[in-house]
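K.L.:
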Amino acid sequence: MNRAIFLDKDGTLVEDVPYNVDPARLKLMPGALEGLTQWQRAGYKLVVISNQSGVARGIFPEDALAGVKSRLERLLAEGGAALAGFYYCPHLPEGTVPAYAVDCECRKPAPGLLFQAARDLDINLAASWFVGDILNDVEAGNRAGCRTVLLDNGHETEWVQGAFRRPYFVAADLNEAAFLITSEADRANGRPDMLKLVERES
Ligand SMILES: [Mg+2]
Ligand SMILES: [Zn+2]
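Residue numbers (my numbering): -4 to 197.
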């Protein structure tokens, strides 16, 4: 089975421009490529998990997301990173487009998209991580049985607490998140050089 890093898109992987589907305005977050390439070297699959309620709100059509996906894949490819999957939820119960104005299992903090990706890509959720910039990401990851990282970059403003809303790590950006996750895996595997390094530092 595969291990994955599930990544929120807006405010985590790319700069948060609300409801943007203009490929030209996509910009990777600082540290994103460094983090993604670290994870790839460590053998993780990279999978985007995104809420796109702009579809249900009638702000853009669902097929506009294809352009976002391909531009994102190009930006990542320029830095040597590749996505194994790109999953989004187009729904919102209070949306204005009837086909999408539904209560679903895939809008974060629900974990539906992670379960879907795990089935499609043969992912071991317990060996995988979810990294996002708000606690709804953390909750979706924890509900799916992953460990989680919250990027503390100012995007979470409500801090609603709950049983599934505690991250395993807090990191400044994806580069630091990747360092924390790969170090944790090395510790768990008892890799001697890393153990020595940790002992020296503590
Ligand atoms: Mg986000
Ligand atoms: Zn949904």
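Think of the CB as a built atom: it goes at the ideal place given N, C-alpha and C, for glycine as much as any other residue.
In the DSSP assignment, find the beta strand (DSSP E) that holds W154 and state where it starts and stops.
P.N.:
Careful: W154 lies outside any beta strand (DSSP E) and carries neither H nor E.
K.L.:
To the nearest angstrom, report how far apart N137 and Y95 are at their CA atoms.
P.N.:
26 Å
K.L.:
Taking 8 Å as the line, does the beta carbon of I0 fall inside it for any heavy atom of ligand 1?
P.N.:
no
K.L.:
Taking 6 Å as the limit, name every residue whose beta carbon sits nearer than that to some heavy atom of ligand 2, in sequence order.
P.N.:
Matched residues: C84, H86, C99, C101 and R102.
K.L.:
Nearer than 8 Å: is that true of the beta carbon of I54 relative to any heavy atom of ligand 1?
P.N.:
no
K.L.:
Ignore the nearest five residues each way along the sequence and tell me which others in N184's own chain have a CB closer than 6 Å to its CB.
P.N.:
Closer than 6 Å at the Cβ level, and outside the excluded window around N184, lies no residue.
K.L.:
Assuming L146 is part of the beta strand (DSSP E), what are its boundary residues?
P.N.:
R142 to L146
K.L.:
CB of I129 to nearest heavy atom of ligand 1: below 8 Å?
P.N.:
Yes, the beta carbon of I129 sits closer than 8 Å to at least one heavy atom of ligand 1.
K.L.:
So, for V42: in the same chain, excluding its five sequence neighbours on each side, which residues have a beta-carbon less than 8 Å away from its beta-carbon?
P.N.:
A(-1), I0, F1, L2, L78, A79, G80, F81, Y82, A112, L116 and I118
K.L.:
Out of L21, E179 and D132, which has the shortest C-alpha to C-alpha gap to R69?
P.N.:
L21
K.L.:
Heavy atom of ligand 1 less than 8 Å from the Cβ of T143, yes or no?
P.N.:
no
K.L.:
Please name the residue or residues paired with D5 in a DSSP beta bridge.
P.N.:
V9
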